[in-house]
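Visitor: Per the numbering used here, the very first residue in the sequence shown carries number 1; after that it's consecutive.
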Amino acid sequence: MSTPMAETLAITQPPVGSNQRFFTDHATSCPIRAELYGLDHLEALARELAAASAVEEGLSAGHPLLRRFMDNGRALVRTHRRIIEAPKYGEPITADAEWLLDNFHIVSDTLREVRHDLPRGYYRELPKLTQGHQAGYPRVYTLALELIAHTDSCLDEANITRFVRAYQTVAPLLIGELWAVPIMLRLGIVENLRRLADQMLHAWAQRREAEACRTRLVQLKKEGRPAERHPGLLALLQPQMAWSDAFVVHLLQALRDHGPAAAGLLAWLESHFAACGTVPAEVLRREHQRQAANQVSVGNCVTSLRLVSALDWSVLFERMSLVETLLRDDPAGVYARQDFGTKDRYRQAIEKLARGSRVDELTVAHRALELARRATGPVAAEPAANGAAALDPTSARWRHVGYYLIGPGLIELETSLACRPGMKERVLRAILGHPLAVYGGSLTSVFMLILAGLYALGAQQAGWAWSILLLLAAALPASDVAVSVVHYFITLLLPPRVLPKLDFKDGIPPDCATFVVMPTMLLRPESAQVLTDRLEVHFLSNPDPQLRFALITDFADAPTESTPEDDGYLRAALEQIKVLNERYCKGGPERFFLFHRRRQWNPAQGCWMGWERKRGKLVELNRLLRGDRQTSFAWTSSDPSGLPFIRFVITLDADTELPRETAQRLVGTLAHPLNRPRFDASQGRVVEGYGVLQPRVGMSLIAATRSRFSRILAASAGIDPYTTAVSDVYQDLFGSGSFTGKGIYDVDAFESAVGNTFPDNHILSHDLIEGNYARCGLVTDIELLDDFPSRYNAYARREHRWIRGDWQLLPWLFRTVPAPAVKFLSQETAGDKGAGEPAGAPSSVPRTRAAAQVRNPLPALERWKIIDNLRRSLVAPSLILLLLLGWALPGRSFWFWTAFAVVVLALPLLFTLLSVLLGIVHGGSLLLHLRDARKRLKATAGQMALTLCFLVEQARQALDAIARTLGRLHWRQRNLLEWETAATTERRLGTGFRAFWVAMWLAPVLASATALALGVFHPAALLTACPFLLAWFVSPAVAYAISRPGKSGETPLSLEDRAELRGIARKTWSFFETFVGLDDHWLPPDNYQQDPKGAVAHRTSPTNMGLYLLSSLAAHDLGYLTLPALVDRLEKTFDT
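Structure (structure tokens):
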């Protein structure tokens, strides 16, 4: 089929001076191409367009632009296929077709990106024009088309930004429109490409038609029949057919190529065309001009698509946005220093306020700035501990524009704008305004409904005695179901609460100087090397000059104040710290430190040890940083008085990884005015802002692959380069999270809240209670990586220690709590020493005298966090009891209680399945959703199976920990600080099957006894109980099997494989060896095009450079490059 030549002629000769032709959907529309303008002329055009535009307010579907875009995508895919198939039909591939063929992956990426970035709801919000042939199109789309037309699709950063900024001098664009600029540029370029592709295909059709005409003419010549007497040809060659240039050129060229035999026909045809007013030479010139112009346009389109994808639109947006320019006048001087995500939240708040108040976005920004400027209170208030002026957190917060956009001042701003939030917003505010009532009410309601259901369906028929026992046993598992259900639906309802951040990517300022510390112990000869190696890694991944790095160490507990090994361990640590300072701090201040404490006699533990273990290390470090020299730090690598004022401390465990630039982000978060802590001395805790921040903690990739056990529990291990905020009920609903011991804290606020708050020898798991007093914020968009036990027995011992620590916080649930002990100096002789104290204890030692109880300052939420930990520790014992009672119950209701236990265990699996289904409903790639679902469901099912298998052992560990804690807490008052490092635990516990059997003997014994009892007294329940009993019976064997080290999975390569890989490596290096040279400033070019002609793409990218540098190193390792040549190449590249 051929396209009518009249339409083709209309394409090649478009009307000039009107851009109406850009706004037609016909496939034969002309390319988007107009007179080329320079930058000054483009700016003038933008101002003219802005003055002439009339915009429709409110939501509007407008022109079906997305439908046209989808049609364009399908057309370009068809064109691509047609180009690929062209050689089959002997058709030559033109230059514009080559551009499209070689770069169609860029077009495909663009089609996918636009579909993702322009949902229909967003398109409806874009203001549409109301007048002229552009009516119904988004204003920003017409802007994009005009820019494309007057640059012949040759876009760059300068013409884009200057064109948009010039437009806004007359008519400001909305924030949403500015974000739509790259999308609309892509839409316009794709539209242009489609039109150019249509012209290309039409020219091919004309070539075929001309070839057919030539064949007929030659055939007539052979038959001796005059062409002018053939009725079909005469009809085709009539002047009113308005021959296309492509048809005329190809027909004449085909006859010329036929040789002398067609000379007569050629002469007749040329005279015929001339008689009809068509000059062949002019037609030839026009056609070649069209082909050249289209080739340039297609190349420009492809290059501009690549550019639009490569540009950092966050930077361009801030250059073009008028709202951004206004907000940078923030009276507190904070807005410009924030990271992009925080600034974007402020701009989104302005968009929402403008929609709700029917004023423009610039007015909203002006009003927020006015409120910030009118805020009362001095900017500088109380002095800091080092005498420098410090910002009062309250006044700094009030004077910051963000206080009125996303903070408590939002209500005041809405009132001044007469803004009425939407229904969804009002519901969310009602929930967030009464979080405790919503949370407590929901939890109580769901819990009571579950208990009522259990009573009605399973316990009512058992008699009152059995009913009471069953409901008591089911209460804690039912509470687990209730908590899980409430938490799940709250996280669905509420968006993650992301804390605002300052951007310290270019450097932490001196007033935010931070210590990165590792509270740890010197236990073995190699401890110093291992710990300083970890400290060095932290430094290399976070080398900011305002970060200092320190080991805060103790010796192991001992029966004497010193041991023979102490001096060696300490000297090794001091030497390693010295080596680090010499390696990285030559000519500058020291960056690495060691603070080591002496042992003190602890009568409650009956040994010499570091005061209060890790909690004591941090408390004494804070005091040391604030000038107190009366601490137990007996050895330091350098004089602490030479340190600058340290405002923050990042505390990490010895096995925690601090990914690149994580420290800067943590410091930037805590330093933000809206997060700064305000300590209330009357309440004894931080009441506003945050004294401590807890990042998300993931499992390191190495830890996740040590054994099958760690692989099963590591559903998603390793660092995520696209870490985003995740939901946490406490943070999202209440605005405060739970501290788990790895994070950043404000030294002054933390010291005020917890420095002299707790009694000695009482708190083991201090992280949660410290976070309760200092107010902990959860930073879920920042992630640390932590180690994980590779064996189940080490994991169980860790759980045992955590449960003991949680139950030692039991006194903080009541109206009064233990006050901190009062220290005094006791002069005594050896005969006066208390029981258990060695004769070597000093005669003058610090003693403590019990103080009276004080009022508990913790609010209900913080007490609930403690209760929740205690509740969870009792779920496993309660579930065991419930199953045993259910199986012993007369009748056939045992299946009901077994089913309920399965539901309790399978809740994570059910919620994972529900999340997958919701993800599919919300859209996206079905294949990706199914692939993700398979991975998540497999991991969750594995974890559920392990929970079932180890249920008895978990219950035993929990009951043992609780019993020990209650006995020590209320009677013995000893060994409350019993603790050992995770590494020590793993080394101490056995790895053989016997060790697992000895530790987990209760599970198979209980399974055997239960099976025997059921077989004798209740055989009907035995079959139902069998899966549980069998899992419990084999649990020691399962624990042993999954705790064994994972196999490396390495397979030796055959000689053939080695030869093939070396051949590939040599070819890869040959590319860099050939093309990386002086011509490209010793940087790798993007590619080399072999066919149809050899050409080097003289451009590069960070990926190319990284691949070249790694290839250079590999070439040296493989013997292709000598060491001097490698050094020479790398120096030339780095010096470019």
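Heads up, the beta-carbon is just placed ideally off N, CA and C, and yes, glycines get one too.
#1: Between residue 1140 and residue 199, what straight-line distance do the alpha-carbon atoms span, to the nearest angstrom?
#2: What does DSSP give as the partner residues of residue 558 in its beta bridges?
#3: Are the CB atoms of residue 874 and residue 905 within a distance shorter than 8 Å?
#4: In terms of DSSP beta bridges, what is residue 699 paired with?
#5: Along the chain, where does the alpha helix (DSSP H) containing residue 600 start, and where does it finish?
#6: When burial is assigned at 16 or more other CB atoms within 10 Å of the CB, is residue 1039 buried or exposed?
#7: For residue 1133, collect the residues of the same chain with a Cβ closer than 6 Å to its Cβ; drop the 5 residues on either side in sequence, then sort them by chain order.
#8: Of the choices 747, 439, 995, whose alpha-carbon is the least far from that of residue 679?
#9: Contact between the region 1020 to 1031 and the region 881 to 897 is defined here as three or more beta-carbon pairs at a separation below 8 Å; is this criterion met?
#10: What are the partner residues of residue 547, as DSSP defines its beta bridges?
#11: Are the Cβ atoms of residue 648 and residue 597 separated by less than 8 Å?
#12: Identify whether residue 71 lies in helix, strand or coil by the three-state DSSP scheme.
#13: Please list the segments of the alpha helix (DSSP H) lying wholly inside the region 980 to 1065, counting only runs of 4 or more residues, in order along the chain.
#14: Within its chain, find whatever has a CB closer than 7 Å to the CB of residue 469; leave out the 5 residues flanking it on each side and keep chain order.
#15: For residue 814, which option in 112, 866, 764, 786 has the closest C-alpha, if you only look at C-alpha atoms?
#16: State the DSSP-derived secondary structure class of residue 79, mapped to helix, strand or coil.
#17: Give the range of the beta strand (DSSP E) segment to which residue 685 is assigned.
#18: So, are the CB atoms of residue 507 and residue 545 less than 8 Å apart?
#19: Confirm, please, whether the CB-CB distance from residue 661 to residue 505 is below 8 Å.
#20: My understanding is that residue 712 touches residue 942, with C-beta atoms under 8 Å, so please give their C-beta distance in whole angstroms.
#21: Is it the case that the Cβ atoms of residue 369 and residue 326 are separated by a distance below 8 Å?
#22: In the structure shown, what three-state DSSP assignment does residue 693 receive?
#23: Can you grab the Cα-Cα spacing for the pair residue 41 / residue 155, in whole Å?
#24: Report the partner residues of residue 213 according to the DSSP bridge assignment.
#25: Could you spell out the range, first to last residue, of the beta strand (DSSP E) harbouring residue 636?
#26: Relative to the C-alpha of residue 323, which candidate in 1136, 30, 175 has its C-alpha closest?
#27: Taking DSSP as the reference, what is the three-state secondary structure of residue 334?
#28: For the alpha helix (DSSP H) containing residue 49, list its first residue and its last residue.
#29: Give the single residue among 857, 55, 151, 402 whose Cα lies nearest to the Cα of residue 130.
#30: Taking all protein chains shown into account, decide if residue 993 is buried (16 or more other Cβ within 10 angstroms of its Cβ) or exposed.
#31: Counting beta carbon pairs with one atom in the region 868 to 882 and one in the region 458 to 475, are three or more of them shorter than 8 Å?
#32: Given 8 Å as the limit, is there contact between the region 760 to 770 and the region 969 to 977, that is, 3 or more CB pairs closer than that?
#33: Have a look at 428, 556, 700 and flag the residue whose alpha-carbon is nearest the alpha-carbon of residue 733.
#34: What does the alpha-carbon distance come out to for the pair residue 188 and residue 31?
#35: Where do the N-terminal and C-terminal ends of the beta strand (DSSP E) with residue 651 fall, by residue?
#36: Can you name, in chain order, every residue of its own chain whose Cβ lies under 7 Å from the Cβ of residue 616, other than the five neighbours on each side?
Guide: In brief:
#1: Nothing in the structure corresponds to residue 1140, since the chain is present only between 1 and 1136.
#2: Start at 1 with the first residue of the sequence shown, and residue 558 comes out as number 558. Partner residues in the beta bridge of residue 558, as assigned by DSSP, are 608.
#3: Numbered from 1 along the sequence shown, position 905 holds the residue referred to as residue 905. Numbered from 1 along the sequence shown, position 874 holds the residue referred to as residue 874. Contact check for residue 905 against residue 874 fails: the beta carbons are separated by 8 Å or more.
#4: Locating residue 699 in the sequence shown gives position 699, counting from the first residue. Residue 699 is bridged by DSSP to 786.
#5: By one-based count along the sequence shown, residue 600 stands at place 600. Taken as a continuous stretch (DSSP letters only), residue 600 belongs to no alpha helix (DSSP H), being part of the beta strand (DSSP E) at 600 to 602.
#6: Translated into the one-based positions of the sequence shown, residue 1039 becomes position 1039. So residue 1039 ends up on the buried side.
#7: To locate residue 1133, count along the sequence shown from 1; it is residue 1133. These residues qualify, in order along the chain: 1082.
#8: What you label residue 679 is simply residue 679 of the sequence shown in a count that begins at 1. If we check each option's Cα against that of residue 679, 747 comes out closest.
#9: Yes, they touch.
#10: Counted from its first residue, the sequence shown places residue 547 at position 547. DSSP lists 514 as partners of residue 547.
#11: Position 648 of the sequence shown, counting from 1, holds the residue named residue 648. Position 597 of the sequence shown, counting from 1, holds the residue named residue 597. No. Outside cutoff.
#12: Against the sequence shown, residue 71 aligns to sequence position 71. Residue 71 falls in the helix class under three-state DSSP.
#13: Entirely contained in the region 980 to 1065, the alpha helix (DSSP H) runs reaching 4 residues are, in chain order, 982 to 988, 993 to 999, 1002 to 1017, 1019 to 1033, 1035 to 1043.
#14: Here the question's residue 469 lines up with position 469 in the sequence shown. Result list for residue 469: 885, in chain order.
#15: Stepping through the sequence shown from its first residue, residue 814 is reached at position 814. Nearest of 112, 866, 764, 786 to residue 814, Cα basis: 866.
#16: Along the sequence shown, read from residue 1 onward, the residue named residue 79 stands at position 79. Residue state for residue 79 is assigned as helix, using DSSP reduced to three classes.
#17: The residue you call residue 685 lines up with position 685 of the sequence shown. In this chain, the beta strand (DSSP E) harbouring residue 685 covers 685 to 688.
#18: For the purposes of this step, residue 507 is identified with residue 507 of the sequence shown, where counting begins at 1. For the purposes of this step, residue 545 is identified with residue 545 of the sequence shown, where counting begins at 1. In contact: residue 507 and residue 545 (Cβ atoms closer than 8 Å).
#19: Here residue 505 refers to the residue found at position 505 when the sequence shown is read from its first residue. Here residue 661 refers to the residue found at position 661 when the sequence shown is read from its first residue. Residue 661 sits close to residue 505, with the two beta carbons spaced by under 8 Å.
#20: Within the sequence shown, the letter at position 712 stands for residue 712. Within the sequence shown, the letter at position 942 stands for residue 942. Taking 8 Å as the upper bound for CB-CB distance, residue 712 and residue 942 are in contact here, some 4 Å apart.
#21: Walking along the sequence shown from the start, residue 369 turns up at place 369. Walking along the sequence shown from the start, residue 326 turns up at place 326. A contact, by the Cβ cut-off of 8 Å.
#22: Here the question's residue 693 lines up with position 693 in the sequence shown. Three-state DSSP puts residue 693 in a strand.
#23: Position 41 of the sequence shown, counting from 1, holds the residue named residue 41. Position 155 of the sequence shown, counting from 1, holds the residue named residue 155. Rounded to the nearest angstrom, the two C-alpha atoms are 15 Å apart.
#24: Counting from one through the sequence shown, the residue named residue 213 turns up at place 213. Paired residue(s): none; residue 213 is not in a bridge.
#25: Position 636 of the sequence shown, counting from 1, holds the residue named residue 636. Its beta strand (DSSP E) spans residues 633 to 636.
#26: What you label residue 323 is simply residue 323 of the sequence shown in a count that begins at 1. Check the Cα spacing between residue 323 and each of 1136, 30, 175: the tightest is with 175.
#27: Here residue 334 refers to the residue found at position 334 of the sequence shown. Reduced to three states, the DSSP call for residue 334 is coil.
#28: In the sequence shown, counting from the first residue as 1, residue 49 sits at position 49. DSSP places residue 49 inside the alpha helix (DSSP H), whose first and last residues are 39 to 52.
#29: On the sequence shown, position 130 is the one that residue 130 refers to. Cα-wise, what sits closest to residue 130 is 55.
#30: Locating residue 993 in the sequence shown gives position 993, where the first residue counts as 1. With a threshold of 16 other beta carbon atoms within 10 Å, residue 993 falls short and is exposed.
#31: The answer is yes - the region 868 to 882 touches the region 458 to 475, with three or more Cβ pairs under 8 Å.
#32: Put simply, the region 760 to 770 touches the region 969 to 977. At least three CB pairs are less than 8 Å apart.
#33: Your numbering for residue 733 matches position 733 in the sequence shown. Taking only the C-alpha atoms, the option nearest residue 733 is 428.
#34: Your numbering for residue 188 matches position 188 in the sequence shown. Your numbering for residue 31 matches position 31 in the sequence shown. Their backbone Cα atoms lie some 11 Å apart in a straight line.
#35: Looking up residue 651 in the sequence shown gives position 651. Residues 648 to 651.
#36: Working through the sequence shown from its first residue, we reach residue 616 at position 616. Closer than 7 Å at Cβ, skipping near neighbours: 610.
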